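Be aware that the sequence shown starts at 14, since it is given in this note's numbering, and climbs by one per residue.
Take a look at the structure below.
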Amino acid sequence: MISPPQGTFYAPDRCTLARETRNIQARNSENKSINLLPVDYKDLESKVKFSNQPEEWLQKSFMKKFDLTADGSAEIFSKDGYEVYLIENMGGDSELVYLISVKGKSVMGGINVADSNGGSNTVKTFSINEKYEISIFAETNGHRKLSEKYVFNKGEFKKQ
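Laid out in structure tokens, this is it:
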């Protein structure tokens, strides 16, 4: 049973629809043009706002590709028709962060960029610069040592 809300209501007598002259696809790409670069693991909390409830398609696609749950997600940039997300996976006293590329509603590829295991002194951290270069570090007591380097191009993370 549905009961109507209390109070006064207003409904217009006339409604006029008008065609929008701007290209819808161009408008959508303007709205979706996200670029949070440069991003560094040290500044992740202050710079990147993770959604604690990733969209269902993203959760399913990430699970299918990596056999892990997506506990948090944030889009950080778009390039060449691909959106690039950071995905958090929390488990016990460890946290994994993946960098993934998405086209449409499919995860195309990704790499593990951060790993903090509660029992280890060494953590995996990362930074991404404006040239779409991803540096992955082994960090112990605040000292970083470069362990891997990738560049994002045409939907792929290519190791350098």
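By construction, the Cβ of each residue, glycine as well, lies at the ideal position given by its N, Cα and C atoms.
Since the structure is predicted, the reported quantities are computational estimates derived from the model, not experimental observations.
- Just how far apart, CA to CA, sit residue 129 and residue 156? For residue 129 and residue 156, the gap between their C-alpha atoms comes out near 15 Å.
- Could you work out which residue in 78, 64 and 90 is closest to residue 166 when comparing CA atoms only? 90
- Of all the beta strand (DSSP E) runs that stay within the bounds of the segment 54 to 138, which reach a length of 3 or more residues? 85 to 92, 95 to 104, 107 to 116 and 119 to 130
- Query: Tell me, which residues are paired with residue 48 by DSSP?
  - Reply: 90
- Item | the segment 120 to 137 / the segment 80 to 89 touching (three or more Cβ pairs under 8 Å) | no
- Task: Give the single residue among 102, 152, 59 and 149 whose Cα lies nearest to the Cα of residue 80.
- Result: 102
- Query: Between the C-alpha atoms of residue 114 and residue 52, what's the straight-line distance to the nearest angstrom?
  - Reply: 16 Å
- Is residue 168 closer than 8 Å to residue 122 when the C-beta atoms are compared? yes
- Message: Check this for me: beta carbons of residue 162 and residue 151, under 8 Å apart or not?
- Response: The beta carbons of residue 162 and residue 151 sit no closer together than 8 Å.
- What whole-angstrom Cβ distance do residue 112 and residue 136 have, given they're in contact under 8 Å? With a Cβ gap of about 16 Å, residue 112 and residue 136 do not count as contacting.
- State the beta-bridge partners of residue 157 as determined by DSSP. Answer is 152.
- Query: DSSP puts residue 163 in a beta bridge; with which residues?
  - Reply: Its beta-bridge partners are 147 and 172.
- Cβ pair residue 100, residue 139 closer than 8 Å: no
- Candidates 65, 107, 69 and 149, of which the one nearest residue 134 by Cα: Selected option, being the one with the closest Cα: 107.
- Message: Counting only beta-carbon separations shorter than 8 Å, does residue 171 have a partner in chain C?
- Response: Judged by its chain identifiers, the structure shown contains no chain C, having just a single protein chain.
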